[in-house]
Amino acid sequence: MSDSPVRVRIAPSPTGSPHVGTAYIALYNYCFAKAAGGRFVLRIEDTDQSRSKPEYETMILDALRWTGLQWDEGPDVGGEFGPYRQSERTDIYRRHAQILIDKGHAYKCFCTEQRLNELREQQREAGGHLGYDGLCAKLNATEIQANEAENRPFTVRMKVPESGSLVVNDLLRGEITFDYATIDHQVLLKSDGFPTYHLANVVDDHLMEITHVLRGEEWLPSLPKHVLLYQYFGWQPTQVIHLPLLRNADGSKLSKRKNPTSILYYRDLGIIPEALVNFLGNMAYSQPDGSEIFSLDKMVDAFDIQRISLGGPIFDIDKLTWVNGQHLQNLPAEALVQRLVAWRYNADFLNQLMPLMTKRLTTLGDFNKYCDIFFLSEITVDSGAVTPKGKEAEDTRDFLQKFVWELETLVQFDRDAVEQAFRVVGNLHGWSMRETTHAVRLAVTGKTVVPPLFDSMAIIGSDLCRNRILSTINQLGPLGKKKLKKFRESWDRARAAYTEPTT
Ligand code: GLU
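Okay, so the sequence shown: first residue is 175 according to this note's numbering, each after it adds one.
Dropping the structure here:
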């Protein structure tokens with residue numbers, strides 16, 4: 175074990191497919207820790223009970239392991255500061271919420287949802303600051319006891335001084351001043367007894383002896399609350415660095431509507447991990463010698479936090495492909511073979527395909543004819559052929575868009591889930607199974623004859639399927655931003671009201 179006191183962490187929430195932004199943040203944490211001889215910790219922040227899923231946690235761990243950014247402590251590898259999964263630490267947070275109550279820095283809030291909604295509405299109408307008005311902070315001991323005796327549900331909120339300001343420091347951004355008046359009495363413990371991000375994050379960073387927090391700039395507004403919590407507990411705050419967010423080409427925050435954002439998408443596309451890591455190392459950072467192609471070890475060796483630039487780095491897929499090409503072209507032939515084998519030319523992957531080939535092959539070479547759809551980075555789709563007989567291109571575009579949204583919700587992307595998605599969207603859109611499968615088959619494979627579609631899609635994977643469909647939507651003429659928003663709202667309503675036909 176190293177003697178360096180430096181300890182950093184990434185703290186992903188398992189609420190979706192593993193995001194490239196997580197790998198980006200992991201990379202800078204990794205480099206920072208390794209350059210200082212310190213330790214890199216992985217903590218799973220699964221306190222949001224409704225959105226966290228064990229399947230997502232597995233996917234995040236798999237995806238990060240694939241990047242090669244290996245952590246020293248975490249839920250899978252253990253460590254002396256565990257457990258590393260927040261859902262296993264709820265007692266710790268409850269104890270700490272009580273400590274804050276006892277010290278007079280937090281209080282039980284018995285306000286009902288209804289009151290909070292009304293308050294928000296009033297504040298919105300008045301056009302002022304939105305936030306809790308501190309009503310329950312003023313309850314006296316008798317009132318609190320009466321509420322408790324009635325077993326009224328409560329949250330625990332942190333107190334915030336009424337006036338004045340708090341100066342916080344970011345190692346790259348310098349001092350930032352926050353007026354207390356703009357800081358909400360944040361809920362720390364929800365009425366279900368689970369902590370919010372803020373409490374769990376601060377308590378864990380302290381107990382896990384994290385020295386530096388490197389995270390995305392979207393967390394900057396949380397910083398004053400965290401600094402206050404450190405003060406309330408009487409703890410030394412961590413040093414913080416907020417890294418610039420990855421952006422789409424138009425400067426907006428990287429979103430899956432404009433770019434594939436799942437690490438697994440890039441893996442399945444045939445990007446190799448060192449290329450993804452190298453590409454992410456070019457975001458917000460430049461090597462002292464100006465080189466654009468480098469290994470992780472080289473990045474660690476030359477790592478200097480001051481070289482991080484705060485401009486919004488653009489996640490440019492063409493650039494990523496170029497970096498990937500540079501790495502692939504530098505590999506000796508034997509190593510390249512190994513990469514292909516590790517990717518999809520292996521028995522595990524082929525074994526998934528073979529059941530789909532039953533009674534189809536007349537020569538072994540036929541395999542390529544049917545199965546190229548599992549290996550190609552790009553497929554060509556004749557958008558004219560996607561529209562089923564008797565339907566309009568616009569209608570097809572609308573159907574495909576709904577279908578993409580449905581696929582996004584699937585946690586388990588297997589054959590049955592895919593089939594169910596066809597049924598649901600087909601029923602809601604008023605298309606037959608034949609029509610829906612025709613359009614999707616063409617969009618995902620570019621062909622009319624392919625191995626069984628549901629199985630094939632499950633193997634191709636959710637991200638690649640969605641991306642291929644989105645490309646087809648673009649060819650058919652995508653909806654503008656405003657129309658898309660409306661369309662989405664009406665789809666969400668229809669989807670929520672959906673019930674399976676009883677026949
Ligand atoms: N759970 C947060 C996330 O999903 C962690 C943010 C932080 O690093 O403080 O990114």
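Even glycine gets a Cβ: it sits at the ideal position worked out from N, Cα and C.
Whole-angstrom distance between residue j and residue i, CA atom to CA atom
i: Arg513; j: His279; result: 55 angstroms
i: Pro411; j: Leu402; result: 9 angstroms
i: Lys277; j: Glu292; result: 30 angstroms
i: Pro395; j: Asn648; result: 36 angstroms
i: Gly305; j: Val578; result: 36 angstroms
i: Lys656; j: Ser426; result: 16 angstroms
i: Val182; j: Ile275; result: 29 angstroms
i: Phe477; j: Phe206; result: 7 angstroms
i: Asn314; j: Asp353; result: 27 angstroms
i: Ala613; j: Thr570; result: 7 angstroms
i: Ala668; j: Asp463; result: 56 angstroms
i: Lys472; j: Glu322; result: 59 angstroms
i: Ser551; j: Ala210; result: 39 angstroms
i: Ile184; j: Leu388; result: 8 angstroms
i: Arg326; j: Cys283; result: 10 angstroms
i: Asp639; j: Asp220; result: Before going further, note that residue 639 is Cys rather than Asp in the sequence given. When rounded, the distance between both Cα atoms is 28 angstroms.
i: Gly253; j: Ile479; result: 26 angstroms
i: Asp546; j: Arg441; result: 17 angstroms
i: Thr444; j: Ala507; result: One point to set straight first is that residue 444 is Gly, not Thr, in the sequence displayed. Roughly 16 angstroms separates the two Cα atoms.
i: Asp522; j: Met528; result: 10 angstroms
i: Ala671; j: Lys563; result: 29 angstroms
i: Ala595; j: Phe548; result: 21 angstroms
i: Asp492; j: Ile384; result: 36 angstroms
i: Leu581; j: Ser429; result: 16 angstroms
i: Val180; j: Lys659; result: 45 angstroms
i: Arg268; j: Leu216; result: 22 angstroms
i: Glu566; j: Leu650; result: 10 angstroms
i: Leu420; j: Asp378; result: 26 angstroms
Of the residues the options, the one placed nearest residue i, counting alpha carbons only
i: Tyr281; options: Val361, Met457, Lys576; result: Val361
i: Gly242; options: Glu448, Gln649, Ala632; result: Glu448
i: Ile633; options: Thr673, Ser606, Gly600, Ala591; result: Ala591
i: Gln586; options: His193, Val215, Met233; result: Met233
i: Ile357; options: Leu397, Tyr371, Glu568; result: Leu397
i: Ile437; options: Asp236, Thr611, Arg608, Arg640; result: Asp236
i: Ile446; options: Arg597, Val599, Leu510; result: Leu510
i: Thr370; options: Ile350, Leu346, Lys399; result: Lys399
i: Pro675; options: Asn601, Gly564, Phe628, Tyr439; result: Asn601
i: Tyr406; options: Lys333, Pro487, Ser664, Cys285; result: Lys333
i: Asp637; options: Val194, Val180, Ser187, Glu287; result: Val194
i: Arg347; options: Leu484, Gly301, Leu450, Ala300; result: Leu484
i: Thr286; options: Leu309, Thr536, Thr673; result: Leu309
i: Val330; options: Ala271, Asn375, Leu290, Ala374; result: Ala271
Cβ shell of residue i (< 7 angstroms), same chain only, five flanking positions each side left out
i: Met175; result: Per-residue confidence for Met175 stands at a pLDDT of 49, beneath the threshold of 50, marking its modelled position as unreliable; the derived number appears in the next sentence. Nothing meets the Cβ criterion.
i: His603; result: Phe573, Lys576
i: Thr189; result: Asp222, Arg225, Ser226, Tyr230
Close Cβ partners of residue i (< 6 angstroms) along its chain, the five nearest in sequence each way excluded
i: Ile643; result: Leu574, Val578, Ala617
i: Tyr404; result: Pro411
i: Gln297; result: Leu304
i: Leu584; result: Ala591
i: His416; result: Asp344, Glu391, Leu394
Residues of its chain near residue i, where Cβ-Cβ distance is below 8 angstroms and the 5 sequence neighbours each way are ignored
i: Arg294; result: Leu304
i: Thr554; result: Gly620
i: Arg534; result: Asp540, Tyr544, Pro625
i: Phe661; result: Asp572, Gln575, Leu653
i: Pro257; result: Pro249, Arg263
i: Gln526; result: Ile633
i: Ile350; result: Val341, Val342, Asn343, Asp344, Leu394, Leu397
Touching by the beta-carbon criterion (3+ pairs, under 8 angstroms), the region 339 to 357 and the region 241 to 251: no
Beta-carbon distances below 7 angstroms to any heavy atom of the ligand GLU define the shell here; list its residues in chain order, please. Ile184, Ala185, Pro186, Ser187, Glu219, Tyr371, Asn375, Val387, Arg389, Gly390, Trp393
Closer than 8 angstroms is the cut-off here; do at least three beta carbon pairs connect the region 493 to 504 with the region 422 to 433? no
Check whether the region 468 to 481 and the region 436 to 456 are in contact - that is, three or more C-beta pairs closer than 8 angstroms. yes
Validate contact between the region 223 to 232 and the region 492 to 500 using beta carbons, cut 8 angstroms, 3 pairs: no
Three or more C-beta pairs under 8 angstroms: does that hold for the region 620 to 640 against the region 545 to 562? yes
Three Cβ pairs or more, each shorter than 8 angstroms: is that satisfied between the region 348 to 366 and the region 197 to 217? Inter-segment contact for the region 348 to 366 and the region 197 to 217 is absent: fewer than three beta-carbon pairs are separated by less than 8 angstroms.
For the region 303 to 320 and the region 260 to 269, state whether three or more C-beta atom pairs, one from each stretch, are separated by less than 8 angstroms. Counting Cβ pairs under 8 angstroms, fewer than three are found: no touch.
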